[in-house]
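Visitor:
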Amino acid sequence: MKRNSASRAALLGILTAEALALSFLEGLIPPIPGMPPGAKPGLSNIITMFTVYSVGWQEALVITVLKAIFAALTRGVTAGLMSLSGGLLSTAALILLSKFSKDRFGYLGISVICAVIHNLGQLLVSFILLGSAAVFGYIPFLILFAVVTGALTGTVLKVTMPVLIKQIKFSSFYKRG
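Oh and the sequence shown: position 58 is 64 in our numbering, straight run, nothing missing.
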């Protein structure tokens, strides 16, 4: 039992570190014209998707929450709330889609759907925080942005999946088959 706990902690540490490193690197991207402040491509979601497919949904939720805490500590409480709201909604969608529609949509389709849901979750939090429906004016831009970035993250996941699997193949938490 101790070995499994240690294996799980080590694996979660590695995956979380990768997600946080990607999140940090995204923070270096300058603001994108026409997008709301803080709009980023969501590269750290590659690790969340990988975790759902290869490790487990509980571990993916842990990583999602830790990414939100990281955002709150490095970019402020609002960024943390935005990360948490979009992250939890998109991770829930990812879990459901991966269980019931993986073959139908593939990595790319699921990534796009989750990116759209992530952005809509963040818009809802913006609406609650600002009390203004004006934020919904960003919907067309954010959907287009989500399609592009979701396609990017889904493609990168598909390409890097063998390398990511190789890094954790000795873990007792890797879903074989």
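Don't be surprised by glycine CBs; every beta carbon is placed ideally from N, CA and C.
#1: According to the neighbour-count rule (16 or more other Cβ atoms, all chains shown, within 10 Å of its Cβ), is Thr-57 buried or exposed?
#2: Suppose you measure from the CA of Leu-72 to the CA of Thr-22; what does that come to, to the nearest Å?
#3: Which same chain residues end up closer than 6 angstroms to Ile-38 when comparing Cβ atoms and leaving out the 5 residues on each side of it in sequence?
#4: Could you check the C-alpha separation between Leu-136 and Val-153 for me, to the nearest Å?
#5: Mind pulling the alpha helix (DSSP H) runs of 4 or more residues that sit fully within the region 36-103?
#6: For Val-118, is the classification buried or exposed, using 16 other Cβ atoms within 10 angstroms of its Cβ as the cut-off for buried?
#7: By how many angstroms is the C-alpha of Ser-60 removed from the C-alpha of Arg-110?
#8: With DSSP run on the structure shown, which of helix, strand or coil describes Ser-107?
#9: Determine contact between the region 129-148 and the region 15-34, defined as no fewer than three beta-carbon pairs at a distance below 8 angstroms.
#10: Work out the CA separation of Leu-17 and Ala-66 for me, nearest whole Å.
#11: For Cys-120 and Leu-95, what's the separation of their Cα atoms in angstroms?
#12: Exposed or buried, Asn-51, counting other C-beta atoms within 10 Å across all chains shown (16 or more means buried)?
#13: Cα separation between Pro-36 and Ala-140?
#14: Among the residues of its own chain, which have a CB less than 6 angstroms from the CB of Lys-164, if the five just before and after it don't count?
#15: In three-state terms, what does DSSP make of Lys-172?
#16: From Ile-20 to Thr-166, what distance separates their C-alpha atoms?
#17: Hey, would you say Gly-127 sits closer than 9 angstroms to Ser-91, going by beta carbons?
#18: Using three-state DSSP, classify Lys-115 as helix, strand or coil.
Guide: Taking the coordinates as given:
#1: buried
#2: 7 angstroms
#3: Ala-45
#4: 26 angstroms
#5: 51-60 and 63-81
#6: Only buried fits Val-118, as 16 or more other CB atoms lie within 10 angstroms of its CB.
#7: 18 angstroms
#8: coil
#9: no
#10: 11 angstroms
#11: 8 angstroms
#12: Asn-51 comes out buried.
#13: 24 angstroms
#14: Tyr-113
#15: helix
#16: 16 angstroms
#17: yes
#18: At residue 115 the sequence reads Gly, which differs from the Lys that was named. Gly-115 falls in the helix class under three-state DSSP.
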